[in-house]
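Student: Using this note's numbering, you'd call the opening residue of the sequence shown number 56 and step up by one each time. Even glycine gets a Cβ: it sits at the ideal position worked out from N, Cα and C.
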Amino acid sequence: MKVLIAEDDKNARILLECMLADWGYDVVVACDGNEAWELITTPDSPSLLIIDWMMPGIDGVELCRRICQVDDNVPRFIILLTAIGNKKATAWGLEAGADDYITKPFDHNELRARVGVGKRVIKLQSALANNVKRLELEITNRKRAEEERLKLEAQIQQAQKFESLNVMAGSIAHNFNNLLTGVLGNLDLALSRLPTGSPVSKSIRAADKVAKRAAELSTLMLTYVGQRKVNMQTINMVEMAEEMTAMLEMAVSKNVVLKFNLSPEPVFFKGDPVQIRQVIMNLVTNAAEAIGDADGTITLTTDTIFCDHACFQQLFPDDDLPDGKYVCFEVSDTGCGMDEETLAKVFDPFFTTKFTGRGLGMAAVLGIQRAHRGAVSLNSQPGKGTTVRVLFPALDAP
Ligand SMILES: Nc1ncnc2c1ncn2[C@@H]1O[C@H](COP(=O)(O)OP(=O)(O)OP(=O)(O)O)[C@@H](O)[C@H]1O
Ligand SMILES: [Mg+2]
């Protein structure tokens, strides 16, 4: 243990230094109050301080006062050296922060015993401080664990809610489709049996149109919950984008430039070609509609990227997807972009900001991604355009 001896009297100082060194202490000495203060305020300062009451510069009592104001969490024990019979000095010293005192000329055994008491007190203080630190850490860890648990619980509840909604929406859509097959079939039959020119045929055709729209909606509902029947095939995203060029160019108006930034190597994944074409079409249509009548560019990019847990947390849906290589198809436009409010609702079925929109394009994209164990990322700012990326688990070879 490190001990400081602050004593201006050379003989007393040397005597104290020799005795304490003999008793196994690591001793540092100061010839006056200023020197002592410097040693106390340096890092790795001594814990046990033996301080003379009368010293040039800062005196012993003032030193005690200052030490008590130091907020460095170092356990300290101060023994004040006072002259015999000076009770006032002793009282001041103890009030100023000294823990003990010894009168000069001191008794060798008494000094050893008092220093021993100081050592024990410092040890206890250190143990107490360590325990407090340990308890604080434990409390922090417990709080953190509790927060984690609550977060996980909320996630599980959310997942269960989504799961049961999925089951319900899926079975309603299936039943609806079956019922509509009957409705559409009978309307068809009725139409074929009507004499040509019958005034009823107009109404039957209108009913047929509405029933077909309803069938479209229930198919979309199945797509959204990822339950639409999929016809999985190996797809090369580069090839598919190339094949769709003419169709996409027709879908965008003349003021829009369609740029292709396709990877030189094929990028393979397993998917339903009909649904993947629908994703591409929905994204390009949205991009073109966001550009509107102004001049603008839509860039289509294909790539393969590595995605891990941290990456998926930024994506939709927040399903637990495995780390790995993903084929990425990106549609980037220079259109109007989206504000926070639109971004938060973009995947909601029937959410639209367009006069002619139905609000089903992005809901279908999300459903298709879900069915393909893929994900979607959105990046958009009002006036700065939008980038949508869809990811599919990559195949190394076809
Ligand atoms: N690239 C984009 N730039 C700006 N806004 C977009 C973009 N893509 C989607 N949005 C916003 O998200 C909304 C929902 O898009 P979504 O494709 O689901 O429906 P929609 O385009 O309105 O209708 P539709 O069913 O005909 O596609 C849009 O109305 C639009 O506000
Ligand atoms: Mg759309």
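At which residue ranges does the region 293-341 contain complete alpha helix (DSSP H) runs of 4 or more residues, listed in the order of the chain?
Tutor: Within the region 293-341, the complete alpha helix (DSSP H) runs of at least 4 residues are 300-306.
Student: Going by the CB atoms, is the gap between residue 177 and residue 101 shorter than 8 Å?
Tutor: Against a cut-off of 8 Å, the Cβ pair of residue 177 and residue 101 comes out as no contact.
Student: Reducing DSSP to helix, strand and coil, say where residue 282 ends up.
Tutor: In this structure, residue 282 counts as coil in the three-state DSSP scheme.
Student: At which residues does the alpha helix (DSSP H) containing residue 243 begin and terminate?
Tutor: That run of the alpha helix (DSSP H) goes 163-248.
Student: Whole angstroms is fine: what's the gap from residue 238's alpha carbon to residue 230's?
Tutor: The straight-line gap from Cα to Cα measures roughly 12 Å.
Student: If you run the structure through DSSP and keep just helix, strand and coil, what is residue 349?
Tutor: Coil, per DSSP.
Student: Taking the straight line between their C-alpha atoms, what separation do you get for residue 341 and residue 447?
Tutor: Whole-angstrom Cα-Cα distance: 20 Å.
Student: Between residue 387 and residue 354, is the Cβ-Cβ spacing less than 8 Å?
Tutor: Going by C-beta atoms, residue 387 is nearer than 8 Å to residue 354.
Student: Measure the alpha-carbon distance for residue 146 versus residue 197 and round it to whole angstroms.
Tutor: Taking the straight line from one Cα to the other gives about 46 Å.
Student: Distance check for residue 133 and residue 180, CA to CA, integer angstroms please.
Tutor: Rounded to the nearest angstrom, the two C-alpha atoms are 14 Å apart.
Student: Below 7 Å, is the gap between the Cβ of residue 340 and the nearest heavy atom of ligand 2?
Tutor: Yes; taking the cut-off as 7 Å, the Cβ of residue 340 has a heavy atom of ligand 2 nearer than that.
Student: Starting from residue 415, follow the alpha helix (DSSP H) in both directions and report where the run begins and ends.
Tutor: Unbroken run through residue 415: none, as it is neither H nor E.
Student: Just confirm the distance between the C-beta atoms of residue 323 and residue 450, as a whole number of angstroms; I'd bet it's less than 8 Å.
Tutor: Indeed, because the Cβ distance is near 4 Å, the residues count as touching under 8 Å.
Student: With which residues is residue 385 paired in a DSSP beta bridge?
Tutor: Partner(s): 356 and 444.
Student: Which class does residue 431 belong to by DSSP, given the choice of helix, strand or coil?
Tutor: Residue state, collapsed to three classes: strand.
Student: Are there any heavy atoms of ligand 1 lying less than 7 Å away from the beta-carbon of residue 344, as far as the coordinates show?
Tutor: Yes, ligand 1 has a heavy atom inside 7 Å of this Cβ.
Student: So does residue 412 have its beta carbon nearer than 7 Å to some heavy atom of ligand 2?
Tutor: At least one heavy atom of ligand 2 is nearer than 7 Å to the Cβ of residue 412, so yes.
Student: As a quick exercise: from 365, 284 and 158, pick the residue whose alpha carbon is nearest that of residue 137.
Tutor: Residue 158 is the option with its Cα nearest to residue 137.
Student: Out of 135, 392, 314 and 317, point me to the one whose CA is closest to residue 106's CA.
Tutor: Selected option, being the one with the closest Cα: 135.
Student: Mapping the DSSP letters down to three states, classify residue 124 as helix, strand or coil.
Tutor: Correct three-state label for residue 124: helix.
Student: Which two residues bound the contiguous beta strand (DSSP E) that contains residue 291?
Tutor: First-last of the beta strand (DSSP E) with residue 291: 288-291.
Student: Return the residue from the list 220, 97 and 170 that minimises the CA-CA distance to residue 155.
Tutor: The residue with the shortest Cα to Cα distance from residue 155 is 170.
Student: Please state if the CB of residue 314 and the CB of residue 352 are separated by a distance shorter than 8 Å.
Tutor: Yes; because the gap between Cβ atoms is below 8 Å, this pair is in contact.
Student: Please indicate yes or no: does the CB of residue 316 lie closer than 7 Å to some heavy atom of ligand 2?
Tutor: It does not: the Cβ of residue 316 is nowhere closer than 7 Å to a heavy atom of ligand 2.
Student: Let's see if you can read the secondary structure: which residues bound the alpha helix (DSSP H) around residue 32?
Tutor: Here the chain comprises residues numbered 56 to 453, so residue 32 is not present and cannot be evaluated.
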